[in-house]
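One structure below.
Number of protein chains: 2
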Amino acid sequence: MLSDDIRARILLLYPMLGELPTAELDGLLKQASVMHIPSGTVLFDERQICQGFPLLLSGNLRVIKSSSQGRELQLYRVMPGESCILTSSCLLGDTRYQARGIVDEAVEMVFLPASVFHNMLAKYDAFRHYVFQLFTGRLTDMMELVTAVAFQKLDQRLAALLAAKTSPIHTTHQAIADELGSAREMISRLLKGFSEQGWVTLGREQIVVTNLAALKKFAAL
Amino acid sequence: MLSDDIRARILLLYPMLGELPTAELDGLLKQASVMHIPSGTVLFDERQICQGFPLLLSGNLRVIKSSSQGRELQLYRVMPGESCILTSSCLLGDTRYQARGIVDEAVEMVFLPASVFHNMLAKYDAFRHYVFQLFTGRLTDMMELVTAVAFQKLDQRLAALLAAKTSPIHTTHQAIADELGSAREMISRLLKGFSEQGWVTLGREQIVVTNLAALKKFAAL
DNA sequence: TTTGCTGTGTGATGTTTGTCACAGACTTCA
DNA sequence: TGAAGTCTGTGACAAACATCACACAGCAAA
Chain A
105 MLSDDIRARI
115 LLLYPMLGEL
125 PTAELDGLLK
135 QASVMHIPSG
145 TVLFDERQIC
155 QGFPLLLSGN
165 LRVIKSSSQG
175 RELQLYRVMP
185 GESCILTSSC
195 LLGDTRYQAR
205 GIVDEAVEMV
215 FLPASVFHNM
225 LAKYDAFRHY
235 VFQLFTGRLT
245 DMMELVTAVA
255 FQKLDQRLAA
265 LLAAKTSPIH
275 TTHQAIADEL
285 GSAREMISRL
295 LKGFSEQGWV
305 TLGREQIVVT
315 NLAALKKFAA
325 L
Chain B
105 MLSDDIRARI
115 LLLYPMLGEL
125 PTAELDGLLK
135 QASVMHIPSG
145 TVLFDERQIC
155 QGFPLLLSGN
165 LRVIKSSSQG
175 RELQLYRVMP
185 GESCILTSSC
195 LLGDTRYQAR
205 GIVDEAVEMV
215 FLPASVFHNM
225 LAKYDAFRHY
235 VFQLFTGRLT
245 DMMELVTAVA
255 FQKLDQRLAA
265 LLAAKTSPIH
275 TTHQAIADEL
285 GSAREMISRL
295 LKGFSEQGWV
305 TLGREQIVVT
315 NLAALKKFAA
325 L
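Those protein sequence lines, which keep their order, are chains A and B. Just so we're on the same page, the numbering used here is the position in the first sequence counted from 1, plus 104. Just so we're on the same page, the numbering used here is the position in the second sequence counted from 1, plus 104.
In structure tokens form, the structure reads like this:
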């Protein structure tokens, strides 16, 4: 059973659940429990079978593909209020995961069992709409990612990544390389170039964007 | 109004429509009309607004992204019995197209207006299920495409492409390059290599696969 | 047959990216 | 303070791919 506090937070992040009849929502939340998952945990992996539908309350997770040579590429990131579309995909298509989900910042989440998920999908327009929105959003993301990987140079992609994050970025060059599917040395070199242009200031595990406009302009070339 | 012949073909390709009440299906098909679209037509383009939901009866179309430098990359291909998921995405998310759809082999299709699409989605499990299946399938495709572009070498991707098509492949090197997001010369060179390995025999606008197993093995490395 | 178009073969060259090797800087913890 | 671990900088080199330039072959229309 979930506390009223948790219930309120769920409704805040997932407003479409508020459109369910109260009794239904109560029943639903009765079956669920909040899970706390530490950073670094592998939530799911390729070829695994999917168990249920997660509602993320805090933290976030990275969904990645990794190559046989040990490199990796981030497909997308799941934030609170979102849900892992890959999970929906597995549940709906009754297939297995095709990627790996790793907890980045420690996660609090509620897990809806697959049966509940299917039931809600059939019964509630609001929930169905939410899931469709998730799908369309991710599909768009993936299409942009494909074109970025296929057509853009690494420096542009890096600039776009830096421009998208909030400015004092605390991360390592290796983490950025993993996000972009590249190698650490490349990121170091390119960042040095950016800092020589005066676009960023570099420190250990820190990148301060000093010319956001220039970065964006460069990324959009 | 559609002929009985067309009606039969629609039901054959889209069996989930058979689960609608007959009256409903009649009403639906009354509003629709078969369109014939010649090869090469741009069915939709980036930033365009989406009008309705296509049911493909014959032919096929390529959905592509093109780069500012004039190169292009095929995201996926829509075959009869399928529908353009991008269209669904636009309809559901009320967004615009993010890619270009070009008729490859001349297309016969029936177009469901957006209102009908939404209505059916809310009312019929079978239709909803169909659309979800489309989404999950495409999402999987896109994820595979991303990883292929990011991690696989061009020769492997080419081998996979050749292995996936039925053997006397009638196409130009340029068309293959466009499908893989590469340059014509690269394809010519790699194909020459394959032919020296005895995996294919080359002719003008023709590639005959002579060692499918070897191609597949190479693609899976 | 000639002309022209399209498709293909091929070398030379440059850019981009990845890989390897190693040095130095900073942090943490004993 | 020292030692170990992590993060970053950097040069040298190789691989993959794109681009340019041009030759030539096959096909079709005039």
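Beta carbons are placed, not taken as given, at the ideal position from N, Cα and C, and that holds for glycine. All of these numbers come straight from a predicted model, not from anything done at the bench.
| Item | Value |
| --- | --- |
| Is residue 181 of chain A helix, strand or coil by DSSP? | strand |
| Using the Cα positions of residue 293 of chain B and residue 306 of chain B, report the straight-line distance between them to the nearest angstrom. | 12 Å |
| What does DSSP give as the partner residues of residue 164 of chain B in its beta bridges? | B:209 |
| Tell me the rounded alpha-carbon separation between residue 263 of chain B and residue 317 of chain B. | 10 Å |
| So what's residue 155 of chain A in DSSP terms, helix, strand or just coil? | coil |
| Could you give the first and the last residue of the continuous alpha helix (DSSP H) run that contains residue 139 of chain B? | No alpha helix (DSSP H) contains residue 139 of chain B, which is instead part of the beta strand (DSSP E) from 138-141. |
| By the 10 Å Cβ neighbour count, where 16 or more other Cβ atoms means buried, how is residue 139 of chain B classified, buried or exposed? | exposed |
| To the nearest angstrom, report how far apart residue 116 of chain A and residue 223 of chain B are at their CA atoms. | 29 Å |
| Looking at the strands, I want to know which residues DSSP matches up with residue 195 of chain B. | BP columns for residue 195 of chain B are empty, so no partner. |
| For residue 287 of chain B, which of B:313, B:259 and B:308 has the nearest alpha-carbon? | B:259 |
| Consider the Cβ of residue 249 of chain B: report whether some Cβ of chain A lies at a distance smaller than 7 Å. | yes |
| Name the residue from A:215, A:156 and A:175 whose alpha carbon lies nearest to the alpha carbon of residue 194 of chain A. | A:156 |
| So residue 213 of chain B packs on residue 133 of chain B, CB below 8 Å; how close in whole Å? | With a Cβ gap of about 13 Å, residue 213 of chain B and residue 133 of chain B do not count as contacting. |
| Report the three-state DSSP secondary structure of residue 272 of chain B (helix, strand or coil). | coil |
| What residues in the stretch 250-269 of chain A have a beta carbon less than 8 Å from any beta carbon of chain B? | 250, 251, 253, 254 and 255 |
| Under the DSSP definition of a beta bridge, which residues are partnered with residue 187 of chain A? | Note: residue 187 of chain A sits in no beta bridge, so no partner. |
| Closer than 8 Å between beta carbons: that is the criterion. Which residues of the stretch 196-222 of chain A meet it against chain B? | 196, 197, 199, 202 and 203 |
| Show which residues of chain B have a CB atom less than 8 Å away from the CB atom of residue 231 of chain A. | None at all; the shortest Cβ gap to chain B is about 12 Å. |
| In whole angstroms, give me the CA-to-CA distance for residue 231 of chain A and residue 185 of chain A. | 13 Å |
| If the cut is a Cβ gap below 8 Å, which residues of chain B does residue 193 of chain A touch? | 239, 240, 243 and 244 |
| Secondary structure at residue 219 of chain A, three-state DSSP: helix, strand or coil? | helix |
| In the DSSP assignment, what residue or residues form a beta bridge with residue 310 of chain B? | B:307 |
| Leaving out five residues before and five after residue 189 of chain B in sequence, what residues of the same chain have Cβ atoms less than 7 Å from its Cβ? | 238, 239 and 242 |
| Closest by CA to residue 121 of chain B, which one among B:151, B:277 and B:233? | B:233 |
| Tell me, please, which residues DSSP counts as bridged to residue 148 of chain A. | A:205 |
| Taking residue 153 of chain A and residue 211 of chain A to be in contact with their CB atoms under 8 Å, please state how far apart those CB atoms are, rounded to whole angstroms. | Their Cβ separation, rounded to whole angstroms, is 20 Å, which puts residue 153 of chain A and residue 211 of chain A out of contact at 8 Å. |
| Beta carbons nearer than 9 Å to chain A: which residues of the stretch 130-142 of chain B have them? | none |
| Does the separation of the CB atoms of residue 206 of chain B and residue 253 of chain B fall below 7 Å? | no |
| Could you give the C-beta distance for residue 149 of chain A and residue 201 of chain A, rounded to a whole number, given that I count them as a contact under 8 Å? | 7 Å |
| Between residue 171 of chain A and residue 215 of chain B, is the Cβ-Cβ spacing less than 7 Å? | no |
| Name the chain A residues that come within less than 9 Å of residue 171 of chain B, Cβ to Cβ? | 251, 254, 255 and 256 |
| Report the neighbours of residue 177 of chain B on chain A: residues whose CB is nearer than 8 Å to its CB, in chain order. | 250, 251, 254 and 255 |
| Look up residue 200 of chain B in the DSSP assignment and say whether it is helix, strand or coil. | strand |
| By the 7 Å beta-carbon criterion, what residues does the stretch 145-168 of chain A contribute toward chain B? | none |
| Measure the Cβ-Cβ separation of residue 203 of chain A and residue 167 of chain A and say whether it is below 7 Å. | yes |
| Locate the alpha helix (DSSP H) running through residue 120 of chain B, then write down its first and last residues. | Here residue 120 of chain B belongs to no alpha helix (DSSP H), and DSSP marks it neither H nor E. |
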